[in-house]
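In what follows, a single structure is set out as structure tokens and then discussed.
Residue numbers (the numbering used here): 3 to 341.
Laid out in structure tokens, this is it:
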């Protein structure tokens, strides 16, 4: 038996590349079936988030060669192999287990200590389990990984402060505007990321909140929670000009906001500046929007500078976490290979 993980993340691949390999929730079951066959894998889990796309696999024998996997993924996602190869990493055996434990414990996250990754790993595992793609090995491994994450966050101060991509976005907006109390927030998306984002901005004094979502019922639920207003997606042209701050985190097959839409909103605002943050992968906002005067567009990779402050503050807790990861990795292998 061999466990492997192949993937790319925010450290090695820009958002332009990550979004091409991202697997939408609606396409996950088909992707699992296709890639499990292509990888000759007995078990498989696909973890696809804003900051990483990783394929975890169990093989009876040796996994396919790295070059073969690169070519397979390049062809599947329409990316040149020579562009993809430098961004991919691969771990096998104990290194793969250690990597999963680090990822789940948010020791490999862009925002160290964020807890959203725990739910994302759990969801990825449960989706694979529901698709019949997991078995004895991954059922034990992923449950163990979730337990490791809980132990790390309990035994250290890593997650002591409320940190997430959403809180970093709010901090960036506060840095630019100083006082957010009189600014209007328009958020595209009412899912988990949308809820975290609205909460982060509300905690920093934003009270004028407009939630735009494809499903109006979900928009209402989130808006009511924070005293905001809910809008259906077809109301976006009317609502967008209200946004001093616009956050995009909606599921979309293409760009939810294009250049012409933002230009129209800016004109309606009489060219009062707009601050846009795209925290979706694949991206929601056309990158050409950044070329519009008085519009300031940031994507998830642009948050890196602010995140570095978080890294410095938390490196001590990461060091305290690693012995736990090593101990749990050895425990897992001991359980899987009894004498």
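Backbone N, C-alpha and C fix where the C-beta goes; we use that ideal spot for every residue, glycine too.
Open item on the list: As a quick exercise: from 271, 157, 259, 303, pick the residue whose alpha carbon is nearest that of residue 286.
Closed with: Against the chain shown, residue 286 aligns to sequence position 284. It is 259.
Task: Cβ neighbour criterion (16 or more within 10 Å) applied to residue 328 - done: Residue numbering aside, residue 328 sits at position 326 when the chain shown is read from its first letter. Exposed, by the Cβ-count rule.
Task: Residue range of the alpha helix (DSSP H) that includes residue 59 - done: Position 57 of the chain shown, counted from the first residue, corresponds to residue 59. No alpha helix (DSSP H) contains residue 59, which is instead part of the beta strand (DSSP E) from 54-61.
Task: With 16 other Cβ atoms within 10 Å as the buried cut-off, status of residue 39 - done: Position 37 of the chain shown, counted from the first residue, corresponds to residue 39. By the 10 Å Cβ count, residue 39 comes out exposed.
Task: Start-to-end residues for the beta strand (DSSP E) that takes in residue 280 - done: Mapped onto the chain shown, residue 280 falls at position 278. Taken as a continuous stretch (DSSP letters only), the beta strand (DSSP E) holding residue 280 covers 276-280.
Task: Helix, strand or coil at residue 294 according to DSSP, with G and I counted as helix - done: Start at 1 with the first residue of the chain shown, and residue 294 comes out as number 292. Residue 294: coil per DSSP, three-state reduction.
Task: Residue from 43, 31, 66, 87 whose Cα sits closest to the Cα of residue 10 - done: In the chain shown, the residue the question calls residue 10 occupies position 8. The candidate whose alpha carbon is nearest that of residue 10 is 87.
TODO: Could you spell out where the beta strand (DSSP E) holding residue 195 opens and where it closes?
DONE: The residue you call residue 195 lines up with position 193 of the chain shown. Residue 195 -> not in any beta strand (DSSP E); alpha helix (DSSP H) instead, spanning 194-205.
Open item on the list: Our contact map puts residue 174 next to residue 305 with C-beta atoms below 8 Å; I'd like the distance itself, whole angstroms only.
Closed with: Within the chain shown, the letter at position 172 stands for residue 174. Within the chain shown, the letter at position 303 stands for residue 305. The pair is a contact, with the Cβ atoms about 7 Å apart (cut-off 8 Å).
TODO: Flag this pair as yes or no: are the beta carbons of residue 17 and residue 126 separated by less than 7 Å?
DONE: Residue mapping note: residue 17 aligns to position 15 of the chain shown, counting from 1. Residue mapping note: residue 126 aligns to position 124 of the chain shown, counting from 1. No, Cβ-Cβ distance for residue 17 and residue 126 is not below 7 Å.
Task: Helix, strand or coil at residue 160 according to DSSP, with G and I counted as helix - done: Numbered from its first residue, the chain shown carries residue 160 at position 158. If DSSP states are grouped into helix, strand and coil, residue 160 belongs with coil.
TODO: Let me know if residue 145 comes out buried or exposed under the rule of 16 or more other beta-carbons within 10 Å of its beta-carbon.
DONE: Locating residue 145 in the chain shown gives position 143, where the first residue counts as 1. Exposed, by the Cβ-count rule.
Task: Expected contact under 8 Å - CB spacing of residue 36 and residue 159 to nearest Å - done: Taking the first residue of the chain shown as position 1, residue 36 is located at position 34. Taking the first residue of the chain shown as position 1, residue 159 is located at position 157. In fact, because the Cβ distance is near 42 Å, the residues do not count as touching under 8 Å.
Open item on the list: Measuring CB atoms only, is the stretch 244-263 touching the stretch 183-198, in the sense that at least three cross pairs come out at less than 8 Å?
Closed with: Cβ pair count under 8 Å is three or more, so yes.
Task: Per-residue burial, residue 195 [other beta carbons within 10 Å of its own, 16 or more giving buried] - done: Within the chain shown, the letter at position 193 stands for residue 195. Result: buried.
Open item on the list: On the criterion of 16 or more Cβ atoms from any shown chain inside 10 Å, does residue 107 qualify as buried, or is it exposed?
Closed with: Here residue 107 refers to the residue found at position 105 when the chain shown is read from its first residue. Classification of residue 107: buried, given that the 10 Å Cβ count is 16 or more.
Open item on the list: Quick check: the Cα distance between residue 294 and residue 265, rounded to an integer number of angstroms?
Closed with: As a first step, residue 294 is located in the chain shown; it is residue number 292 there, counting from the start. As a first step, residue 265 is located in the chain shown; it is residue number 263 there, counting from the start. Going from the Cα of residue 294 to the Cα of residue 265 covers about 7 Å.
Open item on the list: Just to confirm before moving on: does the CB-CB distance between residue 283 and residue 170 stay below 7 Å?
Closed with: Locating residue 283 in the chain shown gives position 281, where the first residue counts as 1. Locating residue 170 in the chain shown gives position 168, where the first residue counts as 1. Not a contact, by the Cβ cut-off of 7 Å.
Open item on the list: Measuring alpha carbon to alpha carbon, tell me which residue in 292, 81, 275 is nearest residue 1.
Closed with: What is shown of the chain runs 3 to 341, which leaves residue 1 out entirely.
TODO: Could you work out which residue in 75, 43, 73 is closest to residue 64 when comparing CA atoms only?
DONE: Position 62 of the chain shown, counted from the start, is the residue given in the question as residue 64. Comparing Cα positions, the closest option is 43.
Open item on the list: For residue 148 and residue 197, I'd like the C-alpha separation in whole angstroms.
Closed with: Along the chain shown, one-based indexing puts residue 148 at 146. Along the chain shown, one-based indexing puts residue 197 at 195. Distance between the alpha carbons of residue 148 and residue 197: 23 Å.
- [ ] Compute the Euclidean distance between the alpha carbons of residue 317 and residue 116, then round it to the nearest angstrom.
- [x] Position 315 of the chain shown, counting from 1, holds the residue named residue 317. Position 114 of the chain shown, counting from 1, holds the residue named residue 116. Going from the Cα of residue 317 to the Cα of residue 116 covers about 14 Å.
Task: Inter-residue Cα distance where the pair is residue 167 and residue 303 - done: Taking the chain shown and counting its residues from 1, the one referred to as residue 167 is at position 165. Taking the chain shown and counting its residues from 1, the one referred to as residue 303 is at position 301. If you take the alpha carbons of residue 167 and residue 303, they lie about 10 Å apart.
Task: Beta-ladder partner(s) of residue 301, from DSSP - done: As a position in the chain shown, residue 301 is number 299, starting the count at 1. 280, per the DSSP bridge assignment.
Task: residue 89 to residue 184 span [Cα, whole Å] - done: Here residue 89 corresponds to residue number 87 of the chain shown, with the count starting at 1. Here residue 184 corresponds to residue number 182 of the chain shown, with the count starting at 1. Spanning the two alpha carbons is a distance of roughly 42 Å.
TODO: Let me know if residue 161 comes out buried or exposed under the rule of 16 or more other beta-carbons within 10 Å of its beta-carbon.
DONE: The residue labelled residue 161 in the question sits at position 159 within the chain shown. So residue 161 ends up on the buried side.
Task: Cβ contact check for the stretch 205-212 and the stretch 224-243: 3 or more pairs under 8 Å - done: yes
- [ ] Would you check if the distance between the CB atom of residue 45 and the CB atom of residue 25 is smaller than 7 Å?
- [x] Working through the chain shown from its first residue, we reach residue 45 at position 43. Working through the chain shown from its first residue, we reach residue 25 at position 23. Not in contact: residue 45 and residue 25 (Cβ atoms no closer than 7 Å).
Open item on the list: Suppose the cutoff is 6 Å on Cβ atoms and the five residues either side in sequence are ignored; what does the same chain contact list for residue 119 look like?
Closed with: Residue 119 sits at position 117 when you count from the first residue of the chain shown. Cβ-Cβ distances below 6 Å link residue 119 to 108, 111 in the same chain, with the five nearest sequence neighbours on each side left out; the list follows chain order.
TODO: Answer with buried or exposed for residue 182, where buried requires no fewer than 16 other C-beta atoms within 10 angstroms of its C-beta.
DONE: What you label residue 182 is simply residue 180 of the chain shown in a count that begins at 1. Looking at its Cβ environment, which holds 16 or more other Cβ atoms inside 10 Å, residue 182 is buried.
- [ ] With residue 34 as the anchor, note down where its alpha helix (DSSP H) starts and where it stops.
- [x] Within the chain shown, the letter at position 32 stands for residue 34. That run of the alpha helix (DSSP H) goes 30-40.
TODO: Determine the closest residue to residue 56 out of 78, 6, 81, with distance taken between C-alpha atoms.
DONE: On the chain shown, position 54 is the one that residue 56 refers to. Selected option, being the one with the closest Cα: 6.
- [ ] Determine the direct distance from the alpha carbon of residue 235 to that of residue 218, and round the result to whole angstroms.
- [x] By 1-based counting over the chain shown, the position of residue 218 is 216. By 1-based counting over the chain shown, the position of residue 235 is 233. So the two alpha carbons sit approximately 8 Å from each other.
- [ ] Figure out for me which residue from 228, 270, 237 has the closest Cα to the Cα of residue 246.
- [x] By 1-based counting over the chain shown, the position of residue 246 is 244. The residue with the shortest Cα to Cα distance from residue 246 is 270.
Open item on the list: Judging by CA-CA distance, which residue of 52, 31, 100, 29 is the nearest neighbour of residue 13?
Closed with: Within the chain shown, the letter at position 11 stands for residue 13. Answer by Cα proximity: 52.
TODO: Please report the Cβ distance between residue 133 and residue 34, rounded to the nearest whole angstrom; I am assuming they are in contact, meaning their Cβ atoms lie under 8 Å.
DONE: Stepping through the chain shown from its first residue, residue 133 is reached at position 131. Stepping through the chain shown from its first residue, residue 34 is reached at position 32. Right, the Cβ-Cβ distance comes to about 5 Å (below 8 Å), so this counts as a contact.
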